[in-house]
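Just below is one structure, and these are the notes that go with it.
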Amino acid sequence: MAVIAVAGGTGNVGRTLVEAIVATGKHEVKILARKANPELEKKLGASIVVVDYTDVGATTKILEEHNVHTVISAINMMPPPGETPLEFELIRAADASASTKRMISSGWGIPHTESQSSQLGSVPNKLRAAALLKETKDLEYTVVHNGFFLDYWATPAVPSYMTPFTLFIDIPGNAAAIPGSGNTPSAFTHTKDVGKFVAAALDLGKWEPDTFIVGDKVTFNEFVQLAEAAKGTKFNVAYDSVEKLKTGQATELPSQVPAYAFFPKEAYQGMAAVFGLWFENGNFDIPPAGKKTLNQIFPDIKAWTVKDILDTAWKQ
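Residue numbers (full-length UniProt numbering): 1 to 316.
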């Protein structure tokens with residue numbers, strides 16, 4: 001039974017990973033966090049270890065004291081302006097720890113390239129983390145790519161710790177703002193399924209630098225059709241051209257308006273435009289040719305399809 005430490009394990013993706021690994025009963029799970037939370041410890045069945053990531057020496061000592069074999073990072077890779085992700089220090093601590101042999105970086109999306117660095121703040125940070133991992137002495141590592149989280153179109157009917165976020169398809173508002181043609185296949189995976197596959201991958205004898213999970217792959221046109229079928233109603237569908245998206249603009253959806261109180265409209269549209277371009281360009285069409293998915297390695301784990309999720313959450 002190996003000791004698995006999940007950094008950011010009290011948050012949305014991290015908490016889901018903790019629950020999935022605990023559920024297997026195969027490993028002892030520790031949560032690395034910046035503050036104690038005894039009540040959450042009881043709920044999750046995993047102890048919380050308080051760490052100061054900025055102190056690499058102290059974090060290294062904590063990893064060794066708890067005999068941590070594998071570190072999984074679910075740390076926010078887009079911190080406030082002027083700050084760097086705490087994962088950078090965690091990588092250095094894991095590399096220095098005598099007990100730590102493996103690490104999963106905080107990816108949870110798609111592979112990125114340098115050309116995307118100016119488009120979204122998390123991209124250069126994720127690329128930097130990957131570079132730091134390559135420089136480690138003997139730490140085996142991987143980055144998990146799962147496409148876009150399916151949770152956003154299923155809450156609250158399908159439980160999730162993800163914060164509600166309306167993008168491209170507004171099911172409550174019976175509307176859609178499809179990026180580009182809407183004909184590019186894209187990967188969508190629910191966080192619960194990401195957790196199951198990651199828990200299974202802990203037992204693999206060897207990791208590749210990039211790990212792929214695909215819950216389902218559909219185009220946005222197909223996604224809208226499935227949503228309309230589930231709700232039994234036609235949606236008001238708009239298409240945003242690549243030219244429009246390149247200006248940082250996207251069609252506003254009804255359910256986005258209330259979010260402007262804490263996520264300004266300009267920032268919301270800018271993010272929608274960036275992701276829209278990535279979807280249309282095929283960046284979410286993973287895995288690349290010749291790469292296996294964890295779905296193929298673990299065929300007994302059945303992931304939610306887009307139809308499953310939409311029918312469960314919205315079927316009339």
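By construction, the Cβ of each residue, glycine as well, lies at the ideal position given by its N, Cα and C atoms.
The secondary-structure analysis by DSSP pairs Arg102 across a beta bridge with Thr70 and Glu140. The residues Leu150, Trp153, Ala154, Val158 and His190, in chain order, have a CB closer than 8 Å to that of Ile309 in the same chain once the five nearest residues on each side in sequence are set aside. In the displayed model, Phe223 falls within a helix according to three-state DSSP. The residues Val50, Val51, Asp52 and Tyr53, in chain order, have a CB closer than 8 Å to that of Arg34 in the same chain once the five nearest residues on each side in sequence are set aside. Between the segment 252 to 268 and the segment 180 to 188, the count of C-beta pairs closer than 8 Å stays below three; the two stretches do not touch. In this structure, the alpha-carbon of Ala2 lies about 8 Å from that of Lys26.
When the Cα atoms are used, Pro156 and Ala98 turn out to be separated by approximately 43 Å. In chain order, Leu245 place their CB closer than 6 Å to the CB of Leu277, counting only its own chain and leaving out the 5 sequence neighbours on each side.
Proximity of the segment 124 to 139 to the segment 195 to 203 falls short of the contact definition, fewer than three beta-carbon pairs being nearer than 8 Å. Listed in chain order, the beta strand (DSSP E) runs fully inside the segment 4 to 46 are 28 to 33, counting runs of at least 3 residues. Inclusion of Thr60 and Leu202 in the CB contact set at 8 Å is not warranted, their separation being larger than that value. By the Cβ rule, the segment 168 to 179 counts as touching the segment 226 to 244, because three or more pairs are nearer than 8 Å.
DSSP places Tyr239 inside the beta strand (DSSP E), whose first and last residues are Asn236 to Asp240. Comparing C-alpha distances from Ile213 to each of Ala227, Pro288 and Gln269 shows the shortest one belongs to Pro288.
Straight through space, the alpha carbons of Gln316 and Glu83 are spaced by roughly 46 Å.
Secondary structure at Asp210: strand, using DSSP grouped into helix, strand and coil. Considering only Ile171, Gly109 and Ser160, the residue with the shortest C-alpha distance to Thr142 is Gly109. Rounded to whole angstroms, the gap between the alpha carbons of Glu252 and Lys265 is 9 Å.
Judged by DSSP in its simplified three-state form, Asp95 adopts helix. Taking the Cα positions, Asp300 is about 19 Å away from Ala187. The shortest C-alpha to C-alpha distance from Lys307 to any of Ala227, Thr233 and Ile297 is the one to Ala227. Bounds of the alpha helix (DSSP H) holding Ser122 are Ser122 to Lys134. Per DSSP, the unbroken alpha helix (DSSP H) holding Val306 starts and ends at Val306 to Trp314. Here the alpha carbon of Ser117 sits roughly 37 Å from the alpha carbon of Glu28. Residues of the same chain with a CB within less than 6 Å of the CB of Ala96, apart from the 5 flanking positions on each side, are Thr60 in chain order. The alpha-carbon separation between Ile104 and Val144 amounts to approximately 7 Å. For Val218, the enclosing beta strand (DSSP E) has its first and last residue at Asp216 to Val218. Here Ala267 carries a helix assignment [DSSP, helix/strand/coil]. Residue range Val56 to Glu65 is occupied by the alpha helix (DSSP H) that includes Thr59. Contact between Ile31 and Val22 does not hold, since the beta-carbon distance rounds to 10 Å and is not under 8 Å.
Ranked by Cα distance from Asn76, the first of Val68, Ser106, Val56 and Ser47 is Ser106. Looking at the DSSP output, Pro179 sits in a beta bridge with Asp240.
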